[in-house]
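Trainee: One structure is given below, represented as structure tokens, and several questions about it will come after.
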Amino acid sequence: MSRYIVKRILQSLLTVVIVVIAVFLLLRLMPTSGYFTRDDYINMTEEMRSAYLRNLGITDPAVIQLQRFFAGVFRGDLGRSITVYPKLPISTILAEKVPYSLWFGLASMFISVTLGFGLGILMARFKDRWPDHLGTAYVVAVRAIPSLIYLFLIQIWVTGIMRWPMVFYEDRPVTWILPVVSLSLTGIAWYGIWLRRFMVDEENRDYIKFARSKGLSQKYIMRHHVLRNAVVPLVQYLPVQLLLTIAGSLIIESIYSIPGMGGLLVYAIKQQDNNLVQVLVLIYAVLGVAGVFVGDLLMAFVDPRIRLAEKKKKKEALRV
Amino acid sequence: MKRVLTFCLMVLAAASLFARGAGETPDQYRTTYATEVKTLNYFLLLDTTALRVAANTMDGLVENDRYGKFVPSLAERWDHNGDFTEWTFYLRPGVKWVDSMGQETAWEVTADDFVEGMRFIAEPKNGIKNVGIIRKVISGLNGYYWDLVDIDDGVDIGKTREEALASFDSSVGVSAPDKYTVKYTLDNPTPYFLSYLVTELFFPLEKEFLDSVGAEDFGTTKEKLIFTGAYYLADWQRDKEIRLAKNEHYWDAGTVNVGEISLQKVADDSIRVQMFQRGEVSATTLQGDQVKALEGTKWAENVFLDEKSSVTYWFAMNYTSDNPEARAFINNVNFRKALYHGIDRAKLLELVNPYEPEALLRNTIIPEDVIFDENGQDYTDYPLLKEVKERRTYDRELAQEYFQKAVDELTDGNGNIKGVSPGTVDMLPIAEIKADGKLPVQILFVHPTDPTKTREALLLQEMLRDTFDGQVELVLGQYVDDKYNDTIKPRRFDLLYDSFSFKYADPMAQLGRLVTDGSVNDGQYSFPEFDKLVEEADGKTSLTDRYEIFSRAERFLIDNAVIIPWQAGGGAYSMDTVVPFSTPRGGFGVTRFKYKGMILQQNPITADQYKMLEKAFRADLAPN
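From first to last, the protein sequence lines stand for chains A and B. Residue numbers are given in our numbering: position 222 of the first sequence equals residue 1226, and the series is strictly consecutive. Residue numbers are given in our numbering: position 504 of the second sequence equals residue 723, and the series is strictly consecutive.
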């Protein structure tokens, strides 16, 4: 197991480095005119533009820039934003924004997992009966209707009926409710429908039929056999989803004016803020890779039958 | 006396509405912004929100009053020499900088602060992008700037960077003869110099404070700024809210009627109307369809058409297009005149303003009500322009007549365009045109992707097809993000419209950029006669002579349909709780973003109230 972990860590590091270098080099292929607004471009002569780009460090060879970036990261200096928040340290930007996305994300994930699992169990338990149909209708609605439509309707109608402010205010807890609820809607549907599916699959397996024929109660079978096995594939995704809550939600944060991380990467790319893009890509790559890795470990922990790489090794050893 | 009466009328109008409303006078003005401010370094103003903050937290030497007149601000008075090349400003003593807690600092606003401000913007490393506006105005600034750029580029100019920096005081035309006197020396006679002073480029800078926070961090947080204006920056939470609070130590605190300004980030503009109706913001603008949706509701009486701004939109044509059909026709004056008379501009504006589209039209390049000569005459009322200003340009028959002339001159009589061979014109990713060298002439019109602009483009396409009996075919192309970089710079257009703000109070601000190789000459045309007129006008110091020649130059552009003026900026449908005409008025710099003097009322302004106050204001403005 430890050998497997070391190997996966090394693979993960390699993946992160490759992703960061690829993005870094791709950013250098973008035209430098993207660093200026129209008015800036008009008001500056070619020499002024060159001086401006030189001061940003854009004109240095890509290798030098890359070296500078990694050296900074190892020193704990993430650099400064170029165009999104000019000259502001990126660590300050992250310190301001991450807490919002993180807390909203964690709250919504808690609700999604709790209600989603509840919904899935209910749908599987009452398969082809009205709770299942109702749950399916909810899932289909959430997935089929473009989210912007129902999110806007929720914002306008609910705030109107409840006389709540339309946007988020940190000092007014009532304004926290709708963003969390809105964030949770798709999560509930996702966990609900997948848990239902896995539970229904499990219910049709021979060992469940055998358990039933042995006279075990339906409740006991559902709790100790069906649910435990159905949860395993879902558990794998929990760490990555948990870690990536810091990425925020582009739509919800935009609708409710939450100053989080949602959309920051897209905006930074559009604004050609190379420094910010690199740091965000690095963070998301590390969290994504770490999330998948922890998910694998968690899956092995939840399901003792999964032995990851070691089992294979043992089998090979036995063959010899 | 009339002014006093108008002001009383405004206050009474507001008071009558307070009486109807439930609460007391609002002390907070709440508005929204869509895109986050990049920095609040007031020399680096990059967007209107940053302008709004700078305009209200920083005072310069002079400011505009609510009639647009230049009045004293941090300078109590000023004078200039006979040919307008030396301007001296006398500061009011005892004005202190305040910090982000609203407390007075130990620093007093002195003449040195204005010298330091100029020194800061003259340093290329500080990346002050707007410095180009004044680098040929302030004596020696251009040379000083380029010396530093050359040194940074490794060019040997015979002195070190330190020596170049040390030469600022002796070479650049700004000085502080004493603690309260600032003197500017200019390269050329500049009677309109005061209009430059309301831009951020002439704001003061406290050197000791700058050194304590560092140039790199200046303006990146509220603690890294100090203020001289009517408000101070009390809070700045990125992507959420910017809050300005009244500066109790302000030199003119008695004229500041509203205690707090709150700017909230709301990325989605469409909910702003609902926020206004629920009392969450103090003002909103409305699109044409939103105005229609309010018809028959109690809000309809609160919708009014705001004033036009000094921004002008015009159609630009690509004289060097790769599309040979379009290039042949655009370089023909009769075809351009056919477009000038064939585009029903008011019809296009009905999409944004279905009720009064004509109110948004602008026939001249230079806006009205912003430039006046020694006799108080509006530049656009000079004889050659007055007729243009008042004319109706759309004339279907005349357009057809000009088009026929163009066709006679450019085709062989069988619909073949002379000198044009069939071929494919690559203007990708905007469009690819199969030019067959025959009528109809294909013209690539490029527009933004939003629905209103797309409808506008379709309407224009149909309009030209109909007016010219199918002989002009508009090929529509879209740009996604950046008009200049996607379209104008790579020359991927034949026709588009562009808009430009007005930088200072002289026709040169716009006409000087429209000459051959001018920075807003999108079409890349060259008309030496126009260039000569602009050069001649720029050499005149008498405003009357200057404007007369400029009016000839502008008339040349319009008569030859070199560009086609279309509409004014602003003029949006609005709902507001600000008493109209209570804030400073002006077409340049930061003036239009100032809230000093603003009066708020409890209930939204009604359209009738707006009209009444506008009438009184116009009557009052006339003698000014």
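Here a beta-carbon is modelled for each residue, glycine too, at the ideal position from N, C-alpha and C.
For Phe622/B, I'd like the list of residues in its chain whose CB is within less than 6 Å of its CB, leaving aside the five on either flank, ordered along the chain.
Mentor: Closer than 6 Å at Cβ, skipping near neighbours: Ala557 and Phe687.
Trainee: Can you tell me where the beta strand (DSSP E) with Lys315/B in it begins and where it stops?
Mentor: Its beta strand (DSSP E) spans residues Lys315 to Val317.
Trainee: The beta strand (DSSP E) spanning His299/B covers which residue range?
Mentor: Taken as a continuous stretch (DSSP letters only), the beta strand (DSSP E) holding His299/B covers Ala294 to His299.
Trainee: Where does Asp1132/A sit, in a helix, a strand or coil, going by DSSP?
Mentor: Note: Asp1132/A maps to coil in three-state DSSP.
Trainee: Using the Cα positions of Ala241/B and Thr796/B, report the straight-line distance between them to the nearest angstrom.
Mentor: With a pLDDT of 38 at Ala241/B, under the threshold of 50, the modelled position of that residue is not reliable, and no figure is offered here.
Trainee: Taking Gly448/B and Asn275/B to be in contact with their CB atoms under 8 Å, please state how far apart those CB atoms are, rounded to whole angstroms.
Mentor: That belief holds up - the Cβ atoms of Gly448/B and Asn275/B are roughly 6 Å apart, short of 8 Å.
Trainee: Do Asp266/B and Thr250/B have their CB atoms nearer than 8 Å?
Mentor: Contact flag unset, no.
Trainee: How about Val694/B and Gln661/B: are their beta carbons less than 8 Å apart?
Mentor: It is a contact, given that the beta carbons lie within the stated cut-off.
Trainee: Using a cut-off of 9 Å between C-beta atoms, extract the partners of Thr329/B located in chain A.
Mentor: Ordered by position in chain A, no residue passes the 9 Å Cβ test against Thr329/B, which lies about 27 Å from the chain.
Trainee: Suppose the cutoff is 7 Å on Cβ atoms and the five residues either side in sequence are ignored; what does the same chain contact list for Tyr1173/A look like?
Mentor: Answer for Tyr1173/A: Thr1179, listed in chain order.
Trainee: Threshold first: 4 residues or longer. Then list the alpha helix (DSSP H) segments lying entirely within the region 496-524 of chain B, N to C.
Mentor: Whole alpha helix (DSSP H) segments, 4+ residues: 507-513.
Trainee: Here's the rule I'm using: 16 or more other beta-carbon atoms within 10 Å means buried, otherwise exposed. How should Glu609/B be labelled?
Mentor: Counting Cβ neighbours within 10 Å, Glu609/B comes out exposed, since fewer than 16 surround it.
Trainee: When you compare only the Cα positions, how much space is there between Gln743/B and Tyr703/B?
Mentor: Computed Cα separation, rounded: 14 Å.
Trainee: Could you compute how far the alpha carbon of Tyr363/B sits from the alpha carbon of Ala1075/A?
Mentor: Their Cα atoms are separated by approximately 36 Å.
Trainee: Just the Cα atoms here: how many angstroms apart are Asp406/B and Lys355/B?
Mentor: One C-alpha to the other measures close to 7 Å.
Trainee: Are any of the Cβ atoms in chain B nearer than 8 Å to that of Ala1055/A?
Mentor: Yes, Ala1055/A counts as interfacial toward chain B.
Trainee: Is Gly1191/A closer than 8 Å to Gly1340/A when the C-beta atoms are compared?
Mentor: Outside the shown range of chain A (1005 to 1324) lies residue 1340/A, about which nothing can therefore be said.
Trainee: Within 10 Å of its beta-carbon, does Arg804/B have 16 or more other beta-carbons around it, so buried, or fewer, so exposed?
Mentor: Looking at its Cβ environment, which holds 16 or more other Cβ atoms inside 10 Å, Arg804/B is buried.
Trainee: Skipping 5 residues on each side, what residues in its chain have a beta carbon closer than 7 Å to that of Val1146/A?
Mentor: Once the five neighbours on either side are set aside, the close Cβ partners of Val1146/A are Leu1189, Thr1190 and Ala1193.
Trainee: Check the Cβ of Met494/B against every Cβ in chain A and list those closer than 9 Å, keeping chain order.
Mentor: Under the 9 Å cutoff, chain A gives Pro1169, Met1170 and Val1171.
Trainee: Going by DSSP, what residue range makes up the beta strand (DSSP E) through Val694/B?
Mentor: Residues Val691 to Tyr698.
Trainee: Keeping to the same chain, check which residues put their C-beta closer than 7 Å to that of Pro1243/A; ignore five residues upstream and five downstream.
Mentor: Cβ within range, chain order: Gly1295, Val1298, Gly1299 and Leu1302.
Trainee: If Gln690/B and Pro659/B are in contact, beta carbons under 8 Å, what's the gap, nearest whole angstrom?
Mentor: Rounded, the Cβ-Cβ distance is 5 Å, consistent with contact.
Trainee: What does the alpha-carbon distance come out to for the pair Asp631/B and Asp597/B?
Mentor: Between Asp631/B and Asp597/B, the C-alpha separation is close to 47 Å.
Trainee: If the cut is a Cβ gap below 9 Å, which residues of chain A does Ala486/B touch?
Mentor: Under the 9 Å cutoff, chain A gives Glu1257, Ser1258, Ile1259, Ser1261 and Gly1267.
Trainee: Could you tell me whether the Cβ of Tyr1089/A comes closer than 8 Å to any Cβ of chain B?
Mentor: It does: the Cβ of Tyr1089/A has a partner Cβ on chain B nearer than 8 Å.
Trainee: For Asn1059/A, which residues in chain B fall below 7 Å Cβ to Cβ?
Mentor: By Cβ distance, chain B contributes Lys344 and Gly346.
Trainee: May I ask you to report which of helix, strand or coil DSSP gives Ile1160/A?
Mentor: Three-state result, Ile1160/A: helix.
Trainee: Looking at Ser528/B: is its Cβ nearer than 8 Å to the Cβ of Gly788/B?
Mentor: Against a cut-off of 8 Å, the Cβ pair of Gly788/B and Ser528/B comes out as a contact.
Trainee: Quick check on the DSSP output: the alpha helix (DSSP H) that includes Tyr621/B runs from which residue to which?
Mentor: First-last of the alpha helix (DSSP H) with Tyr621/B: Arg615 to Leu629.
Trainee: For Gln718/B, which residues of its own chain have a beta-carbon under 6 Å away from its beta-carbon, when the five flanking residues on both sides are left out?
Mentor: The amino acid occupying residue 718/B in the given sequence is Ser; Gln does not appear at that position. Cβ neighbours of Ser718/B beyond the five flanking positions: Val530 and Tyr532.
Trainee: I need the DSSP call for Arg1084/A, collapsed to helix, strand or coil.
Mentor: Three-state result, Arg1084/A: strand.
Trainee: Label Pro792/B either buried or exposed according to how many other C-beta atoms from any shown protein chain fall within 10 Å of its C-beta, with 16 as the threshold for buried.
Mentor: Sequence check: residue 792/B is Tyr here, not Pro. Classification of Tyr792/B: buried, given that the 10 Å Cβ count is 16 or more.
Trainee: What are the residues of the region 455-474 of chain B that lie near chain C, defined by any Cβ-Cβ distance shorter than 7 Å?
Mentor: This model lacks chain C altogether; the protein chains it does include are A and B.
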